[in-house]
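Peer 1: Have a look at this one.
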Amino acid sequence: MIRSLDGLALALAGVVVSALALGWWRPEELFLALLGVIALRALLRPYRLPAWSPGRVVPAAVIAYAVVFSFITVTRHWAFRTHALDLGYYVQLLWSVSRGLGASVSLPEMHAWGDHFSPTLYLLVPLFALFPGPVFLLVAQSVAFSLGALPLFALARRRLGSEGAAAAFALLYLVSPTLHGINLRDFHAAALATPLLLAAVYCFETSRMGWFLASVILTLGCREDAALGVIGLGLWIALARRRWIWGLALVAGSLALFFFATQVLIPYFRGAPYPHLWRYPHLGGSLGEILLTMVLRPFRTLGLMVSVEKLRYLLALLAPLAFLPLRAPLDLLPALPTLAHNLLSLDPVLFSHRAQYNAFVLPFLLLAAVSGYARLSPRLTVRGRSIRGLALGLSFLLSLALTSRTLNDLAVNRWWLSQRQRAVYALLAQVPPGEPVSTQERFVPHLATRPKVFIFPVGIEKSEYVLLDGDSYPWRDLPDARLERTAGEVTLSVAGGEGRAHYRYQVVREGQGYLLLRRQAARKAVRAKMG
Numbered sequence: 010m011i012r013s014l015d016g017l018a019l020a021l022a023g024v025v026v027s028a029l030a031l032g033w034w035r036p037e038e039l040f041l042a043l044l045g046v047i048a049l050r051a052l053l054r055p056y057r058l059p060a061w062s063p064g065r066v067v068p069a070a071v072i073a074y075a076v077v078f079s080f081i082t083v084t085r086h087w088a089f090r091t092h093a094l095d096l097g098y099y100v101q102l103l104w105s106v107s108r109g110l111g112a113s114v115s116l117p118e119m120h121a122w123g124d125h126f127s128p129t130l131y132l133l134v135p136l137f138a139l140f141p142g143p144v145f146l147l148v149a150q151s152v153a154f155s156l157g158a159l160p161l162f163a164l165a166r167r168r169l170g171s172e173g174a175a176a177a178f179a180l181l182y183l184v185s186p187t188l189h190g191i192n193l194r195d196f197h198a199a200a201l202a203t204p205l206l207l208a209a210v211y212c213f214e215t216s217r218m219g220w221f222l223a224s225v226i227l228t229l230g231c232r233e234d235a236a237l238g239v240i241g242l243g244l245w246i247a248l249a250r251r252r253w254i255w256g257l258a259l260v261a262g263s264l265a266l267f268f269f270a271t272q273v274l275i276p277y278f279r280g281a282p283y284p285h286l287w288r289y290p291h292l293g294g295s296l297g298e299i300l301l302t303m304v305l306r307p308f309r310t311l312g313l314m315v316s317v318e319k320l321r322y323l324l325a326l327l328a329p330l331a332f333l334p335l336r337a338p339l340d341l342l343p344a345l346p347t348l349a350h351n352l353l354s355l356d357p358v359l360f361s362h363r364a365q366y367n368a369f370v371l372p373f374l375l376l377a378a379v380s381g382y383a384r385l386s387p388r389l390t391v392r393g394r395s396i397r398g399l400a401l402g403l404s405f406l407l408s409l410a411l412t413s414r415t416l417n418d419l420a421v422n423r424w425w426l427s428q429r430q431r432a433v434y435a436l437l438a439q440v441p442p443g444e445p446v447s448t449q450e451r452f453v454p455h456l457a458t459r460p461k462v463f464i465f466p467v468g469i470e471k472s473e474y475v476l477l478d479g480d481s482y483p484w485r486d487l488p489d490a491r492l493e494r495t496a497g498e499v500t501l502s503v504a505g506g507e508g509r510a511h512y513r514y515q516v517v518r519e520g521q522g523y524l525l526l527r528r529q530a531a532r533k534a535v536r537a538k539m540g
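Okay, so the sequence shown: first residue is 10 according to our numbering, each after it adds one.
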């Protein structure tokens with residue numbers, strides 16, 4: 010039976026490789042079948058793992074993660090599977106800063122501090138100036154995530170007294186479905202907080218207070234809501250570590266920065282109130298109203314956190330760690346402010362376990378998992394097997410199962426460019442640097458190193474060039490945008506408050522249904538009444 014299962018697993022592994030190479034089936038589904046066979050084999054007879062040196066395996070895994078996820082994210086970008094928001098946004102922001110144009114963006118047109126407060130991002134500007142474009146940001150994010158395994162390994166080794174167990178947690182971090190989900194969702198400044206928070210906890214526990222403060226300050230500079238993660242960290246330091254002065258100072262400082270950023274700084278640059286409270290209309294229209302509702306109606310507030318989707322979200326966060334964090338509630342405490350922020354929202358993106366909004370949750374889940382593992386008795390066994398070993402095995406199995414969709418991105422047909430995709434690159438090469446352009450959102454990251462780039466049909470009145478997929482017209486997501494073509498001329502019209510605005514263009518180049526248009530010499534739009 011054991012040999013049969015081993016043979017079946019080997020055959021399925023070959024089938025997975027075949028599907029990756031030839032694209033005849035979704036690799037994810039075949040990989041899940043392979044995991045099922047491996048789980049059954051391990052249940053019948055545990056695998057004998059070869060001797061390994063944790064001190065070598067962890068650095069090798071860090072490098073492997075950085076290489077694999079750099080490849081996946083960059084090839085996703087090359088295949089037009091990245092987005093204007095947020096990769097295009099951050100590319101344009103760093104390009105503007107590196108060119109001395111300030112923190113200006115056109116997605117929409119505004120000062121970037123009118124959207125988010127992310128000064129830590131500016132540390133990337135010198136390297137971005139040398140390697141401008143999306144590829145640098147995608148690689149930098151993958152490398153930053155990979156490095157988070159190092160402080161986690163050091164911290165787990167310190168807490169557990171075992172290099173092997175510590176290495177297992179470092180590897181669990183690197184196969185985390187939440188980490189993979191964040192990494193694959195374009196680029197986000199908030200994501201940089203994950204390795205920084207892991208570093209902050211390690212530095213605190215080893216009394217490297219200078220490095221601890223540096224990690225905390227950089228975390229707070231990732232985005233204004235990173236303050237929630239640092240507030241949680243401060244509560245943990247005060248309540249779990251009994252370092253009251255440090256803990257309360259962190260809480261007070263983070264709260265002060267959060268209120269300053271959301272109530273003063275961002276509204277000042279935006280010319281309007283903080284824009285991201287639209288996700289909480291059921292609690293109030295301002296931060297004050299939201300907090301008042303939470304205080305005056307605590308049971309209603311708690312009830313808002315419970316739904317099938319939100320319970321599924323919590324399950325997806327905890328299952329890959331075999332629910333070990335629940336055995337260490339004090340060490341889980343730092344995750345609670347951000348979890349509450351996510352669970353109170355009406356926006357389903359916030360309670361998706363693969364979204365960037367978990368960047369301030371994941372580090373503390375892993376730290377609580379380490380503590381939960383430490384609380385399992387090494388003498389406790391189930392049918393002669395160590396409960397600790399079973400917990401780690403279950404964690405790896407569930408992590409790999411929940412992140413199996415990531416494997417699809419390694420399939421050749423996901424990154425090998427089609428003839429249509431190559432045609433887009435021929436058109437992109439014809440757009441002069443610096444010229445304002447309006448285009449469909451998947452093309453925006455490829456054109457973001459310029460002062461003005463817009464998501465079509467926004468900004469067509471300001472754009473010299475327009476790049477569109479003509480074959481997909483009429484555009485279902487843009488019912489108010491119309492296209493009419495006569496020979497080498499195209500008229501685009503968009504419904505507006507004063508009627509329908511018409512803009513005439515010449516076809517510069519076309520291929521495989523894509524159109525590159527340039528505005529005609531006469532720049533005035535002709536307006537006609539809606540009819």
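Each residue gets a CB set at the ideal place from its N, CA and C atoms; glycine is no exception.
#1: Does the pairing of the segment 192-207 with the segment 145-164 give three or more beta-carbon distances under 8 Å?
#2: Beta-carbon separation of Ala457 and Val100 under 8 Å?
#3: Could you name the residues that DSSP lists as bridge partners for Ser395?
#4: Would the segment 222-233 count as touching the segment 182-195 if we require 3 or more Cβ pairs under 8 Å?
#5: Kindly indicate which three-state DSSP category Asp340 falls into: helix, strand or coil?
#6: Would you list the one or two residues that DSSP bridges to Met119?
#7: Tell me which same chain residues have a C-beta within less than 7 Å of the C-beta of Arg397, skipping the five on either side of it?
#8: Exposed or buried, Ala378, counting other C-beta atoms within 10 Å across all chains shown (16 or more means buried)?
#9: Would you kindly report the start and end of the unbroken alpha helix (DSSP H) that includes Ala163?
#10: For His511, report the span of its beta strand (DSSP E) as first-last.
#11: Tell me, to the nearest whole angstrom, how far the beta carbon of Glu473 is from that of Pro442; I am working on the premise that it is less than 8 Å.
#12: Could you tell me whether the Cβ atoms of Ala198 and Ser127 are closer together than 8 Å?
#13: Would DSSP call Val535 helix, strand or coil?
#14: Give every residue of the same chain whose Cβ lies closer than 8 Å to the Cβ of Leu407, excluding the five residues on either side of it in the sequence, and list them in chain order.
#15: Could you check whether His291 and Leu313 sit closer than 8 Å to each other, using their CB atoms as the reference points?
#16: So Ser79 and Leu147 are in contact, right, with Cβ under 8 Å, and what is the actual spacing, rounded?
#17: Quick one: what does DSSP say Tyr182 is sitting in, helix, strand or coil?
#18: Compute the Euclidean distance between the alpha carbons of Ser413 and Gly190, then round it to the nearest angstrom.
#19: Is the CB-CB distance between Val503 and Leu524 below 8 Å?
#20: Could you tell me which residues DSSP pairs with Ala624 in its beta bridges?
#21: Are there 16 or more other CB atoms within 10 angstroms of the CB of Tyr514, so buried, or fewer, so exposed?
#22: Grouping DSSP H, G and I as helix and E and B as strand, with all else coil, what is Ile469?
#23: Counting only runs that start and end within the segment 395-478, where is the alpha helix (DSSP H) found for 4 or more residues in a row?
#24: Ordered along the chain, which non-local residues of its own chain (more than five positions away) have a Cβ less than 8 Å from that of Pro357?
#25: Taking the DSSP output, what are the residues bridged to Arg527?
#26: Under a three-way DSSP split, which group does Gly540 fall into?
#27: Measuring only the C-alpha atoms, how far is Val225 from Leu259?
#28: Is Thr84 helix, strand or coil by DSSP?
#29: Counting Cβ pairs closer than 8 Å, one from the segment 340-354 and one from the segment 162-170, do we hit at least three?
#30: Quick one: Cα of Leu201 to Cα of Ala42, how far?
#31: Using a Cβ-Cβ cutoff of less than 7 Å, which residues in the same chain neighbour Trp570 once the five nearest sequence positions on both sides are dropped?
#32: DSSP has Thr187 in a bridge; who is on the other side?
#33: Can you tell me which of the three DSSP states Glu172 falls into?
#34: Could you check whether the segment 68-78 touches the segment 136-152, counting it as contact only if at least three pairs of C-beta atoms, one from each stretch, sit closer than 8 Å?
#35: State the beta-bridge partners of Thr495 as determined by DSSP.
#36: For Asp486, count neighbouring Cβ atoms within 10 angstroms of its own Cβ and tell me buried if that reaches 16, exposed if not.
Peer 2: Inspection of the coordinates gives the following:
#1: yes
#2: yes
#3: Thr390
#4: no
#5: helix
#6: Val114
#7: Tyr382, Leu385, Pro387
#8: buried
#9: 158-169
#10: 508-520
#11: Contact doesn't hold; Cβ gap of about 12 Å is too wide.
#12: yes
#13: For Val535, the pLDDT reaches just 46, beneath the cut-off of 50, and the residue's location in the model is therefore unreliable, although a value from the coordinates is still provided. Val535 falls in the strand class under three-state DSSP.
#14: Ala328, Pro329, Ala331
#15: yes
#16: 7 Å
#17: helix
#18: 11 Å
#19: no
#20: The structure shown has nothing for residue 624, since the chain only spans 10 to 540.
#21: buried
#22: coil
#23: 396-411, 421-424, 428-437
#24: Glu318
#25: Tyr474, Gln515
#26: Residue placement at Gly540 is flagged as unreliable, the pLDDT there being 42, under the threshold of 50; the coordinate-derived value follows with that caveat. Here Gly540 sits in coil by DSSP.
#27: 9 Å
#28: helix
#29: no
#30: 34 Å
#31: With the chain covering 10 to 540 only, the question about residue 570 has no answer from this structure.
#32: Per DSSP, none; premise fails for Thr187.
#33: helix
#34: yes
#35: Glu498
#36: exposed
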